[in-house]
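Novice: If you're matching positions, the sequence shown starts at 68 in the working numbering and goes up one per residue. Pasting a structure here, questions to come.
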Amino acid sequence: KQWYQRRVRGTEIEHKTYDATFLRRFEITKLPRYLILFVKRFTENRFFVEKNPTIVNFPISFDMAEFIETKVSDKYKSTEYNLLSNICHEGRAKGGTYSTHLHLSSANQWFELQDLHVTKLQPQMITLSESYIQIYERADFSVDPNRMSP
68 KQWYQRRVRG TEIEHKTYDA TFLRRFEITK LPRYLILFVK RFTENRFFVE KNPTIVNFPI
128 SFDMAEFIET KVSDKYKSTE YNLLSNICHE GRAKGGTYST HLHLSSANQW FELQDLHVTK
188 LQPQMITLSE SYIQIYERAD FSVDPNRMSP
C-alpha cells in the first residue's frame with residue numbers, strides 16, 4: 068500500500084511518500100536572507116553527555132542554485148551565500164569554551180572572538196575548527212568591501 072502527502076509551509080514544501088520504505092523530501096520555495104546551519108555535536112542519554120569532536124568540512128561560500136528549482140532561483144539576484152560567522156565549541160561536553168569566527172566584510176578580514184580576546188584569523192583556519200553553528204548571508208545582501216560608507 069502506498070500513499071502521498073504534500074504540506075506547504077512558509078518557505079518550504081514537504082513531500083512525503085509512504086510505502087514499505089519511508090521517503091521524506093523538502094523543496095525550498097524561498098531563499099532566506101540568512102541561512103543558519105547547526106552541527107549536532109552533543110548526544111545525551113540517562114547517564115552522560117557525549118561530544119562528537121569530528122572536524123566537519125564546510126565552504127566559505129556556496130551556491131544554492133543546485134538545490135532549488137529554476138523557477139525559484141529566477142526570483143533572486145543571487146543564490147550564493149557567504150559565511151558571516153562560525154561558532155565553535157572546543158573542549159569536553161560538560162566544560163569547554165565557545166569561540167566565534169566573524170567576517171568583517173568592510174575590511175575583508177576574519178577575526179576570532181573568545182571572551183574578551185579578539186585576534187585576526189587566516190580564512191584557512193576557519194574550516195579546521197570544531198564548528199557548531201555556521202551563519203551564512205545571501206550574497207545580494209552582503210556588504211561590498213569596495214563601497215564607501217555613507
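Don't be surprised by glycine CBs; every beta carbon is placed ideally from N, CA and C.
Could you say which of Asn153, His156, Phe134, Ile154 lies nearest to Thr146 if we only look at CA atoms?
Specialist: Ranking the options by Cα distance to Thr146, first place goes to Phe134.
Novice: Using DSSP with H/G/I as helix, E/B as strand and the rest coil, what is Ile193?
Specialist: DSSP places Ile193 in helix when its eight states are reduced to three.
Novice: Buried or exposed: which applies to His168, given that a residue is buried once 16 or more other Cβ atoms fall within 10 Å of its Cβ?
Specialist: Answer is buried; the Cβ neighbour count reaches 16.
Novice: Please state the DSSP three-state secondary structure of Gln69.
Specialist: Unreliable placement is indicated for Gln69, whose pLDDT of 48 sits below 50; the coordinate value is still reported in the next sentence. If DSSP states are grouped into helix, strand and coil, Gln69 belongs with coil.
Novice: Can you give me the C-alpha to C-alpha distance between Lys138 and Lys97, rounded to a whole angstrom?
Specialist: Cα to Cα, Lys138 sits roughly 10 angstroms from Lys97.
Novice: According to DSSP, is Lys107 helix, strand or coil?
Specialist: Correct three-state label for Lys107: coil.
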